[in-house]
Structures are given as structure tokens and as C-alpha cells.
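Heads up: the sequence shown is residues 1136 to 1279, going by this note's numbering.
Virtual Cβ for every residue (Gly too), placed ideally from N, Cα, C.
Being a predicted model, the structure only gives us computed values, none of them experimental.
Have a look at the structure below before the remarks.
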Amino acid sequence: GVVGYRETSETDLCEAAGVTPEVLRQEYGTREGLLIALHNRVTTIGLRAMEAVLHSEGIDDCSIADRVRRLFDAYVESVTRDPREARVTFVEVLGVSAVVDEHCKLWRALWTEFLTGEAERAVERGEAEDRDHRVDVMVMVGSV
1136 GVVGYRETSE
1146 TDLCEAAGVT
1156 PEVLRQEYGT
1166 REGLLIALHN
1176 RVTTIGLRAM
1186 EAVLHSEGID
1196 DCSIADRVRR
1206 LFDAYVESVT
1216 RDPREARVTF
1226 VEVLGVSAVV
1236 DEHCKLWRAL
1246 WTEFLTGEAE
1256 RAVERGEAED
1266 RDHRVDVMVM
1276 VGSV
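Structure representation (C-alpha cells):
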């Protein structure tokens, strides 16, 4: 859609999906629950794309710059294939509620752990300074 979360009613969602409001409530609880489920779906696709890169042949022979570029490209490509999904992931979830904000905060923490692990691998390989990279990673995660 092109309308957005705030302008879309439960009735509109149900009509577009061809389901009754009871089905929506049973599956997701609320519109907010559906938004969180969509965000989870798209963000998980991005995470899986990055994991596939980490398991790809030759990745351990790449420089840290090439590894980060491949990871970032895989993530961006996977979460922007469908502009509607990208909009949910990067726009529609912003400022909806404390519950959605907390959901997004949990994902940012997961991304921070994931990418801090990559920074630690770079340290082990002698490609990065041996220090705490968490703040750098948090800034990077927050900018996306």
C-alpha cells in the first residue's frame, strides 16, 4: 500500500486481506501486532541474507572492508526488494507506540551484537584495533 500505518484502519486492512476483523485479532491481536510481525519478517530476511554471506565460500579470505560491504549489500538488497516492506521497516514503525519502539530497540540490540562480533573477528585477524567497537557499531546501527 501507499497509505501508511497511521492512515490505515483495521477495517481497511481486513478488506484488503480478505479476512474478518476477528481473524486479524486472532492472528496478530491488533494493527500494532501486525506491524510488529511485518517488521520481524522483513528484518529477519535481512539477517538471514547477512548470515548467508557469512557462510559463503571465500568470505573468510576477504578484507574487513569487503566483508562489511558484502554484508551491508546483502542486507539492503534483501530488505528493499519490495518498497512496501522497506517502508514498513524504516518508516512506518517510527513513533507508533512504546511497544513498537521497544520492539525496534530489541532488534537494534541484536544487530549491535551481530556486528560487534564481526568487529571482534576483524581484531582477531589483525584488521582492526583491539578495543571495544560497540559504540561504533551502535552508531552504525542507529544510522540505518
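Assigned exposure category for residue i - 16 Cβ within 10 Å defines buried
i, result
"residue 1181", "buried"
"residue 1224", "buried"
"residue 1268", "buried"
"residue 1241", "exposed"
"residue 1165", "exposed"
"residue 1146", "exposed"
"residue 1254", "buried"
"residue 1229", "exposed"
"residue 1270", "exposed"
Nearest-angstrom Cβ-Cβ length linking residue i and residue j, presumed shorter than 8 Å
i, j, result
"residue 1184", "residue 1213", "4 Å"
"residue 1227", "residue 1140", "4 Å"
"residue 1143", "residue 1149", "In fact, because the Cβ distance is near 10 Å, the residues do not count as touching under 8 Å."
"residue 1194", "residue 1203", "The Cβ separation is near 11 Å, so there is no contact."
"residue 1250", "residue 1272", "5 Å"
"residue 1209", "residue 1215", "Not really, about 11 Å apart at Cβ, beyond 8 Å."
"residue 1152", "residue 1199", "Residue 1152 to residue 1199, Cβ: 44 Å. No contact."
Among the options, nearest to residue i - alpha-carbon criterion
i, options, result
"residue 1175", "1230, 1235 and 1203", "1235"
"residue 1231", "1168, 1161 and 1272", "1168"
"residue 1191", "1252, 1179, 1206 and 1159", "1206"
"residue 1196", "1262, 1215, 1173 and 1161", "1262"
"residue 1248", "1276, 1159, 1265 and 1259", "1276"
"residue 1233", "1264, 1211, 1266 and 1171", "1171"
"residue 1137", "1239, 1173, 1218 and 1178", "1218"
"residue 1177", "1260, 1252, 1211 and 1259", "1211"
- Of all the alpha helix (DSSP H) runs that stay within the bounds of the region 1171-1227, which reach a length of 4 or more residues? Correct list: 1199-1215 and 1218-1222.
| field | Ordered list of alpha helix (DSSP H) runs contained in the region 1222-1259, each at least 4 residues | value | Counting only runs that start and end inside the region 1222-1259, the alpha helix (DSSP H) elements of at least 4 residues fall at 1233-1259.
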